[in-house]
Ligand code: AHN
Ligand code: ZN
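In the numbering used here, the protein residues as written are 1 to 326.
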């Protein structure tokens, strides 16, 4: 008898604690959620496949081949896929075609989470130490392929067992055509993130909505640190709190540093300001180091040597933990 009473008390106590524990009120309060295990080997292979196409520079053959790969892979995982095509002006004023690749899971669900990353790679290694390389396109293993690789693995897991929320995965094009260091002409405003600017304007027009978004940018390198990026905190502070807390609880405090980071104009900036969707950026940028971005950033050295399964795992498992507890 007494045993039963204690048991009932313990259950009540645990339930009570769980109820106080939620970060946001819409979080599931039960401990019964089964979170899948992120497969870092699979994510690594998705990064490798993209890099093997060569630099994914818009309006080139490797870019077109990679677009097919991304579309087919999302379709294979059961997403409803659309390729949004548009045109934007780059820093020279010249027009470039873009393809944003959109995959929807559980399209009827009202509660939705947007997960995104850019898939194009920079057409010039303008930060390369060797000036002869500065007009060479980069492989973008970390800057481009890593975020997409993590999200393809998330998509594979979502296909296998669906979370309660709908998931929208968007791969943005034309993120990395911002004004190169060697350009001597006048700077144009908003010269980065052209694909997401296009997507955000369309989303505002067609009424697309998600409860919140998470952007991944440069999430695959060994020893990466992710600080709390400041536009993320300004526009979506509760999401930053939730994701960083989730990462700490899962043992990834070495990657997700619980400290204020830089303010970085990235795709999430336009998702927040144009589409009006609260969106954070998980980005490797250390405002306290000597460099900020890694020393191989926008150089010909941004290749597979920097990609580390442990970093992909820390980011991917944190994402799964976040979306499956919604
Ligand atoms: C700026 O440098 C202003 N934004 C960086 C966005 C970026 C480029 N992310 C990856 N490559
Ligand atoms: Zn870049």
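Positions of the beta carbon are idealized from the N, C-alpha and C atoms, including for glycine. On a predicted model such as this, the values are computed, not experimentally measured, just so you know.
Inspect the beta-carbon positions of residue 159 and residue 77 and report whether they are closer than 8 angstroms. A distance below 8 angstroms separates the beta carbons of residue 159 and residue 77.
Rounded Cβ spacing between residue 121 and residue 170 (contact assumed at less than 8 angstroms): Between the beta-carbon of residue 121 and that of residue 170 there is about 17 angstroms, and that puts the pair past the 8 angstroms contact cut.
Contact test: residue 261 Cβ vs the ligand AHN heavy atom, cutoff 7 angstroms: No, since every heavy atom of the ligand AHN falls outside the 7 angstroms radius drawn around the Cβ of residue 261.
Where residue 87 and residue 203 are concerned, what is the direct C-alpha to C-alpha distance, given to the nearest angstrom? Roughly 16 angstroms separates the two Cα atoms.
Closer than 7 angstroms: residue 134 CB and nearest the ligand ZN heavy atom: Distances from the CB of residue 134 to the heavy atoms of the ligand ZN are all 7 angstroms or more.
Give me, in chain order, the residues of the same chain whose beta-carbon lies closer than 6 angstroms to that of residue 128; leave out the 5 immediate sequence neighbours on both sides. Hits under 6 angstroms: 134, 299, 300.
Classify residue 205 as helix, strand or coil using the three-state DSSP reduction. Helix at residue 205.
Would you say the beta carbon of residue 88 comes nearer than 7 angstroms to a heavy atom of the ligand AHN? It does not: the Cβ of residue 88 is nowhere closer than 7 angstroms to a heavy atom of the ligand AHN.
Should residue 182 go down as buried or exposed, given a rule of 16 or more other Cβ atoms within 10 Å for buried? Looking at its Cβ environment, which holds fewer than 16 other Cβ atoms inside 10 Å, residue 182 is exposed.
Distance, residue 66 Cα to residue 225 Cα: Cα atoms of residue 225 and residue 66: separation of roughly 28 angstroms, rounded to the nearest angstrom.
Are the Cβ atoms of residue 258 and residue 215 separated by less than 8 angstroms? No, these two residues do not count as a Cβ contact at 8 angstroms.
Apart from the five residues just before and just after residue 40, which ones in its own chain have a Cβ nearer than 6 angstroms to its Cβ? Excluding sequence positions up to five before and after residue 40, its CB lies within less than 6 angstroms of the CB of 309, 312, 313, all in the same chain and listed in chain order.
Going by beta carbon distance, what residues of the same chain come within less than 6 angstroms of residue 247, once the five residues before and after it are set aside? Excluding residues within five positions, the ones whose Cβ falls inside 6 angstroms are 256, 318.
Would you kindly check if the distance between the Cβ of residue 100 and the Cβ of residue 172 is under 8 angstroms? Taking 8 angstroms as the Cβ cut-off, residue 172 and residue 100 qualify as a contacting pair.
Per-residue DSSP class, three states only, for residue 260: Of the three classes helix, strand and coil, the one that applies to residue 260 here is strand, per DSSP.
Using the Cα positions of residue 250 and residue 185, report the straight-line distance between them to the nearest angstrom. Separation of residue 250 and residue 185 (C-alpha to C-alpha, rounded to the nearest whole angstrom) is 48 angstroms.
Going by CA-CA distance only, name the one from 105, 142, 242, 154 that's closest to residue 36. When the alpha-carbon of residue 36 is set against those of 105, 142, 242, 154, the nearest one is in 154.
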